[in-house]
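Chains as they are written, first to last, in numbering that gives the first Met the number 0: chain G, 0 to 261; chain D, 0 to 99; chain F, 0 to 313.
The beta carbon of each residue, even a glycine, is placed where N, CA and C say it ideally should be.
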Amino acid sequence: MSTFDTIPQTRKEALIEILLRLGDDRLIHGHRLSEWAGHGPELEEDLALANVALDMIGHASSLYAYAAELDGKEDEDYYAYFRDDIDFKNIAMVELPRGDFAFTMARQFLFSAFSYFLYDKLIKTVDDEQFNGMLQKHFKEIKYHLRHSREWVFRLGDGTDESHKRTQDAFDEIWMYTGEMFDMDEADKAAIKHNLFVDVTSFKDEWKNLVNETLEEATLSVPDYDQYMFSGSRQGRHTEHLGPLLAQMQFLRRSHPDAEWK
Amino acid sequence: MSDDTKNTEWPLWEVFYQPKDGKPFEHAGSVHAPDAEMALQNARDTYARRNEGIALWIVPSDQIIASTPEDVGPFFDPANDKPYRHPQFYSVPRAVKKRK
Amino acid sequence: MDTQKQLDEFQQRIDNGEKIEPKDWMPERYRKQLIRIMSQHAHSEIVGMLPESNWITRAPSLKRKMVLLAKVQDEAGHGLYLYSGTETLGVERRELVEDYIYGNAKYSSIFNYPTLTYADICVIGWLVDGAAIVNQTMLAKSSYGPYARANIRICKEESFHKKQGYEMLAKMTSGTPEQKRMAQDAVNRWWWPTLMMFGPHDTDSPNSAELIKWGVKTKTNDELRQSFVDRMVMEAEAIDVTLPDPDMKYNEKTGHWEFGEIPWDEFWSVVKGDGPMNRERIKARRKAYEEGEWVREAAMQYARKKKLKEGKAS
Numbered sequence: 000m001s002t003f004d005t006i007p008q009t010r011k012e013a014l015i016e017i018l019l020r021l022g023d024d025r026l027i028h029g030h031r032l033s034e035w036a037g038h039g040p041e042l043e044e045d046l047a048l049a050n051v052a053l054d055m056i057g058h059a060s061s062l063y064a065y066a067a068e069l070d071g072k073e074d075e076d077y078y079a080y081f082r083d084d085i086d087f088k089n090i091a092m093v094e095l096p097r098g099d100f101a102f103t104m105a106r107q108f109l110f111s112a113f114s115y116f117l118y119d120k121l122i123k124t125v126d127d128e129q130f131n132g133m134l135q136k137h138f139k140e141i142k143y144h145l146r147h148s149r150e151w152v153f154r155l156g157d158g159t160d161e162s163h164k165r166t167q168d169a170f171d172e173i174w175m176y177t178g179e180m181f182d183m184d185e186a187d188k189a190a191i192k193h194n195l196f197v198d199v200t201s202f203k204d205e206w207k208n209l210v211n212e213t214l215e216e217a218t219l220s221v222p223d224y225d226q227y228m229f230s231g232s233r234q235g236r237h238t239e240h241l242g243p244l245l246a247q248m249q250f251l252r253r254s255h256p257d258a259e260w261k
Numbered sequence: 000m001s002d003d004t005k006n007t008e009w010p011l012w013e014v015f016y017q018p019k020d021g022k023p024f025e026h027a028g029s030v031h032a033p034d035a036e037m038a039l040q041n042a043r044d045t046y047a048r049r050n051e052g053i054a055l056w057i058v059p060s061d062q063i064i065a066s067t068p069e070d071v072g073p074f075f076d077p078a079n080d081k082p083y084r085h086p087q088f089y090s091v092p093r094a095v096k097k098r099k
Numbered sequence: 000m001d002t003q004k005q006l007d008e009f010q011q012r013i014d015n016g017e018k019i020e021p022k023d024w025m026p027e028r029y030r031k032q033l034i035r036i037m038s039q040h041a042h043s044e045i046v047g048m049l050p051e052s053n054w055i056t057r058a059p060s061l062k063r064k065m066v067l068l069a070k071v072q073d074e075a076g077h078g079l080y081l082y083s084g085t086e087t088l089g090v091e092r093r094e095l096v097e098d099y100i101y102g103n104a105k106y107s108s109i110f111n112y113p114t115l116t117y118a119d120i121c122v123i124g125w126l127v128d129g130a131a132i133v134n135q136t137m138l139a140k141s142s143y144g145p146y147a148r149a150n151i152r153i154c155k156e157e158s159f160h161k162k163q164g165y166e167m168l169a170k171m172t173s174g175t176p177e178q179k180r181m182a183q184d185a186v187n188r189w190w191w192p193t194l195m196m197f198g199p200h201d202t203d204s205p206n207s208a209e210l211i212k213w214g215v216k217t218k219t220n221d222e223l224r225q226s227f228v229d230r231m232v233m234e235a236e237a238i239d240v241t242l243p244d245p246d247m248k249y250n251e252k253t254g255h256w257e258f259g260e261i262p263w264d265e266f267w268s269v270v271k272g273d274g275p276m277n278r279e280r281i282k283a284r285r286k287a288y289e290e291g292e293w294v295r296e297a298a299m300q301y302a303r304k305k306k307l308k309e310g311k312a313s
């Protein structure tokens, strides 16, 4: 697939585009979470973070595998290892560096809440058996990610002065990257026409309500929804953080492209 | 559980899981967690990574009341001479056995 | 003080193959030894996450990335089971952890070596986990119930750890010239440190006899090492990789492979803290522990507040 503002022309192209958008969000987010392995704040949480990372990378892998099948690529690894920064379609929020535990949980919560509503709607809409099957399976795990991260937001927000401050700072810092979740472009519209995607703005209020409720209970203040929002990542215009991430992720595979690594 | 505000060690919980529908719960191990909700999540993340169970119980470890080694005699030995509590004590006509 | 009668009865229970449970009477020294070896085992699992997690973000396929992450996660789980087992002896996890990140408590020296290429990940799975399985299979029969049970669970989970490493290493040794080179280089670097994992020779291992007498261990360091070498020689041959020991030869009489002298000077120096990665490993664990403090504290504070609120409401 091409980058930037190319509009998918066929149903198949529209489907591939959606699979990659969902897959890229999950791979990159999973990558950031996997950086916690061995460094978590407590052993039990090390296990929990690895579970979420494994779920997300697993989701990406199956979405990519389906895209590869449709797209005539060898396998799922093509999308992870052989595309450049401008080909990746993930939102910028998930590529931001891991940060501290408050940042990790704030991001997880915002993204899982978004995924929860998105998947809930997609499952009722997506007119493709294989894709829909995946969504249903992943949805179960997303519910857990939401529960886990939300419970942590309560504890960190309403814990100690230090945890409160760190968590408030995290939400404030991430906030300008939340707008992208609800951006719609021509590719989304093309997919909607084929019943392969939904209008993400349709559940923005539900998402806001959950975020407001949660932050309020966590004694945190909700940042301004109308502030400047970063945008363009879905079309390949990322932050500077994606490049180094990909350099690390891809270097070995690209150094020995003809070798067997599976 | 300690109320010492300096102590940041999370309390210990015992985890029990039900391996299959209808089966009794088994002890899996323990986890540390600050409260019941997190204990449940930690139990899930630690002891249900390989589909080990379909349901979990968690109990604060200090709430478990256990028999002591001194109880071994009075508690358990008397049962040794009551074979009539076990099905093997009774003989069943052969024809009935076969039909199983 | 433990009386001779108590000690004799205890020894009788061990000799009968009975398991010792947390509330049972046990010699103070048995308790101390168990705390020492169980917590060392736990620390090893946790420090062992570091050399491997070093490659999660660079793993060369999505499949291998997930395998590695799942494996590193298992190590956290194993550390957790072992700390829980140790806690039944009346110590807190926190004390145990602080004993090695700030004190002198030891962990397996094997993790004080660096993982330089991805082949190291395969070789750790094959050799290091292979050696760990030999050890843990024995420990699954340990006389202390909670330790035995933790090891049973660990062995069950760990069977895939060795397999995935051996499988991928086999692919590398039959792969491109670069892959072969990486694989052989990794075997060369890890072979001797792996043999050291079984500990010093029986003659230099002061704790061994006592641990065997008490059924904590059932085999000596040298016995375990020998059975490991015998198996690895065959497995190395099967995937066409050379073990870096020119003195290795088969003894027809004993049916065992005899191997060259282990570099014990290096072993003792790494044990004492002077290995290539000792300082970094401890630094990384300290950092995680200290940076986690505010998180652990926040969660406890939240739980206290909630309890207080519930108390007021009722």
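State the Cα-Cα distance for the pair Asn187 (chain F) and Met181 (chain F), rounded to the nearest angstrom.
-> Cα to Cα, the separation comes out at about 10 Å.
Please report the Cβ distance between Pro21 (chain F) and Thr87 (chain F), rounded to the nearest whole angstrom; I am assuming they are in contact, meaning their Cβ atoms lie under 8 Å.
-> 4 Å
When the distance is taken between beta carbons, is Glu150 (chain G) closer than 8 Å to Ile90 (chain G)?
-> no
Chain-order list of residues whose beta-carbon lies under 8 Å from that of Asp73 (chain F) (same chain, five-residue window excluded) = The beta carbon of Asp73 (chain F) lies closer than 8 Å to those of Glu156, Glu157 and His160 in the same chain, with the five residues before and after it left out.
Spell out a yes or no on whether the region 96-110 of chain F and the region 255-262 of chain F are touching, meaning 3 or more CB-CB pairs, one atom from each, closer than 8 Å.
-> no
Going along chain G, which residues have a C-beta under 8 Å from Leu49 (chain F)?
-> Chain-ordered, the chain G residues with CB closer than 8 Å to the CB of Leu49 (chain F) read Gly37.
From Asp80 (chain D) to Val91 (chain D), what does the alpha carbon distance come to, in whole angstroms?
-> 22 Å
With Leu117 (chain G) as the anchor, note down where its alpha helix (DSSP H) starts and where it stops.
-> Phe100 to Thr124 is the extent of the alpha helix (DSSP H) around Leu117 (chain G).
Three-state secondary structure (DSSP) of Asp2 (chain D) | Residue confidence for Asp2 (chain D) is low, a pLDDT of 47 falling below 50, so the modelled location carries little weight and cannot support an answer.
Give me the Cβ distance between Ile153 (chain F) and His77 (chain F), rounded to the nearest whole Å; I'm assuming they're in contact under 8 Å.
-> Contact flag correct, Cβ pair sits at about 5 Å.
Could you tell me whether the region 121-130 of chain G touches the region 142-162 of chain G, using the rule of 3 or more Cβ pairs below 8 Å?
-> Judged by Cβ distances under 8 Å, the region 121-130 of chain G makes no contact with the region 142-162 of chain G, as fewer than three pairs qualify.
Beta-carbon separation (whole angstroms), Pro243 (chain F) vs Tyr112 (chain F), contact threshold 8 Å = In this structure, Pro243 (chain F) and Tyr112 (chain F) do not form a Cβ contact; the two beta carbons are roughly 14 Å apart against a cut-off of 8 Å.
What residue does the alpha helix (DSSP H) around Asn250 (chain F) start on, and which one ends it?
-> It is not in any alpha helix (DSSP H) - Asn250 (chain F) instead sits in the beta strand (DSSP E) that spans Lys248 to Asn250.
Euclidean distance between Cα positions of Ser1 (chain D) and Glu51 (chain F) = Because Ser1 (chain D) carries a pLDDT of 43, less than 50, the predicted location of this residue cannot be relied on, and no value is offered for it.
How close, in whole Å, do the beta carbons of Gly164 (chain F) and Val122 (chain F) come, if the pair is a contact with beta carbons under 8 Å?
-> 7 Å
Looking only at C-alpha atoms, which of F:Gly310, F:Gln11, F:Pro176 and F:Trp54 sits nearest to Trp35 (chain G)?
-> F:Trp54
Host beta strand (DSSP E) of Tyr16 (chain D) (start-end) | Leu11 to Gln17
Listing by chain order, which chain G residues have their CB less than 8 Å from the CB of Val30 (chain D)?
-> Glu43
Below-8 Å beta-carbon distance, Thr238 (chain G) vs any chain F residue = For Thr238 (chain G), the nearest beta carbon of chain F is not closer than 8 Å to its own beta carbon.
On the three-state DSSP scale, how would you describe His26 (chain D)?
-> strand
To the nearest angstrom, report how far apart Met0 (chain G) and Met92 (chain G) are at their CA atoms.
-> At Met0 (chain G), the pLDDT of 43 sits below 50, so the modelled position is not reliable and the matter cannot be decided from this model.
For Asp23 (chain F) and chain D, any beta-carbon pair shorter than 8 Å?
-> yes
Closer than 7 Å at the beta carbon, the chain F residues around Lys139 (chain G) = Result: empty, since nearest Cβ-Cβ is about 18 Å, beyond 7 Å.
Do the region 25-35 of chain G and the region 14-27 of chain D make contact, defined as three or more Cβ pairs closer than 8 Å?
-> no
Taking a Cβ distance cut-off of 8 Å, strictly less, list which residues of the region 4-15 of chain D are near chain G, in chain order.
-> Answer set for the region 4-15 of chain D: Trp9.
Identify, in the order they occur along the chain, each residue of the same chain with its Cβ nearer than 7 Å to the Cβ of Asp246 (chain F), setting aside the five sequence neighbours on each side.
-> Phe258 and Gly259
What number of angstroms, rounded off, separates the C-alpha of Lys308 (chain F) from the C-alpha of Val30 (chain D)?
-> 25 Å
Does the beta carbon of Glu51 (chain D) come closer than 8 Å to any beta carbon on chain G?
-> no
Residues near Ser60 (chain G) in its chain [Cβ-Cβ closer than 7 Å; skip 5 each side] = Glu75
Among G:Leu14, G:Met248 and G:Tyr176, nearest to Tyr63 (chain G) - alpha-carbon criterion = Residue G:Leu14 is the option with its Cα nearest to Tyr63 (chain G).
Distance, Cα to Cα, Ser268 (chain F) vs Ala246 (chain G)?
-> 37 Å
Of the choices F:Asn103, F:Met195, F:Thr172 and F:Gly89, whose alpha-carbon is the least far from that of Lys31 (chain F)?
-> F:Gly89
CA-CA distance, Leu11 (chain D) and Asp70 (chain D)?
-> 25 Å
Hey, Ser148 (chain G) and Phe108 (chain G): beta-carbon distance below 8 Å or not?
-> yes
Spatially closest choice to Leu79 (chain F) from D:Ser60, D:Leu55, D:Ala42 and D:Pro33, by CA coordinates | Taking the Cα of Leu79 (chain F) as reference, the smallest distance to any Cα among D:Ser60, D:Leu55, D:Ala42 and D:Pro33 is reached at D:Ala42.
Where do the N-terminal and C-terminal ends of the alpha helix (DSSP H) with Val186 (chain F) fall, by residue?
-> Pro176 to Met195
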